[in-house]
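What follows is a set of notes on a single structure, which appears directly below.
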Amino acid sequence: GAVVSQHPSWVICKSGTSVKIECRSLDFQATTMFWYRQFPKQSLMLMATSNEGSKATYEQGVEKDKFLINHASLTLSTLTVTSAHPEDSSFYICSAQALSRDSEQYFGPGTRLTVT
Amino acid sequence: EDKVVQSPLSLVVHEGDTVTLNCSYEVTNFRSLLWYKQEKKAPTFLFMLTSSGIEKKSGRLSSILDKKELFSILNITATQTGDSAVYLCAITTGTASKLTFGTGTRLQVTL
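Set out below in structure tokens:
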């Protein structure tokens, strides 16, 4: 099956710094990638939809200037958490979808961010 | 606003039991319903359902969709400790590919 990787898998940073998380589709081209956030014992909440070569579409309540998303190639999307705060500590998961909109989304293993 | 509700929120069963997990939804322009299993990391895909009344089966797991009553069930027979996980239901609507997830059901299978 298709493989999606995320890097790093775990990161600790200080308040006020920025953190970049990478999401890569390893063996297929992903025109669309999705970024989710999951707090402990809660479900996945979609943050934004990222289409290759265009601006991301953010869900209501998600600050686009704080969570910068770049999808510069068909195999890579990045999420940068700027000026991180402790309340940004969460599990961030990406998923990637191949060319057809009806094709399955494949999830990455997630990145656990802790802001101190 | 699209809504996906799962029940129960959590469940503890003994190994060998059969469990039924529920997912109901209120959405505009439904397209598909998906079930995922999440252990410690990212969700893994189980089923995608688009048509009513057609059961999908994979080993001890099966699922069915009722588009008239707006719900789906996930059945697990002869449960094993390895089935312990959070089971997530998600829907897609219209032409968008994004997933709207339910609250999840936390299943614990004990010996």
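Protein sequences appear in the order of chains A and B. For the first sequence, counting from 1, position 39 maps to 22 in this note's numbering; every step adds exactly one. Numbers in this note's numbering are just positions in the second sequence, counted from 1, shifted up by 56. Quick reminder that beta carbons are idealized off the backbone N, C-alpha and C, glycines included.
| Query | Result |
| --- | --- |
| So A:Ala55 is in the beta strand (DSSP E); what residue range does that whole segment cover? | Phe50 to Ser56 |
| Does DSSP put B:Thr151 in a helix, in a strand, or in coil? | coil |
| Inspect the CB distances between the stretch 7 to 19 of chain A and the stretch 69 to 85 of chain B and report whether three or more fall short of 8 Å. | no |
| Below 8 Å on the Cβ atoms is my guess for A:Val64 versus A:Ser1; work out the distance and round it to an integer in Å. | 6 Å |
| Taking 9 Å as the cut-off, decide whether the C-beta atoms of A:Ser78 and A:Met16 are in contact. | yes |
| Quick check on the burial criterion: 16 or more other C-beta atoms within 10 angstroms. Buried or exposed for A:Asp48? | exposed |
| Contact between the stretch 149 to 164 of chain B and the stretch 100 to 107 of chain B is defined here as three or more beta-carbon pairs at a separation below 8 Å; is this criterion met? | no |
| With a threshold of 8 Å on Cβ separation, who are the neighbours of B:Leu67 within its own chain once the five nearest residues in sequence on each side are excluded? | Val75, Leu77, Thr161, Arg162, Leu163 and Gln164 |
| Near A:Glu42, which residues of its chain fall below 7 Å by C-beta distance, leaving aside the five closest residues on each side in sequence? | Leu29, Met30 and Ala31 |
| Starting from B:Thr161 and walking both ways along the beta strand (DSSP E), at which residues does that stretch end? | Thr161 to Thr166 |
| Just the Cα atoms here: how many angstroms apart are A:Ser60 and B:Tyr92? | 23 Å |
| Mind listing which residues of the stretch 82 to 98 of chain B have their C-beta closer than 7 Å to chain A's C-betas, in chain order? | Lys97 and Ala98 |
| According to DSSP, is B:Asp122 part of a helix, a strand, or is it coil? | strand |
| So is A:Glu87 in contact with chain B if we call contact Cβ pairs under 9 Å? | yes |
| Taking its Cβ as the centre, do 16 or more other Cβ atoms sit within 10 Å of A:Gly91, making it buried, or is it exposed? | buried |
| Can you tell me whether A:Gly(-1) is buried or exposed, with buried defined as 16 or more other CB within 10 angstroms of its CB? | exposed |
| Please tell me whether B:Thr149 and B:Val61 are closer than 9 Å, where the distance is taken between their beta carbons. | no |
| Mapping the DSSP letters down to three states, classify A:Thr99 as helix, strand or coil. | coil |
| For B:Leu167 versus B:Thr133, is the C-beta distance shorter than 9 Å? | no |
| Cα separation between B:Ser119 and B:Thr100? | 15 Å |
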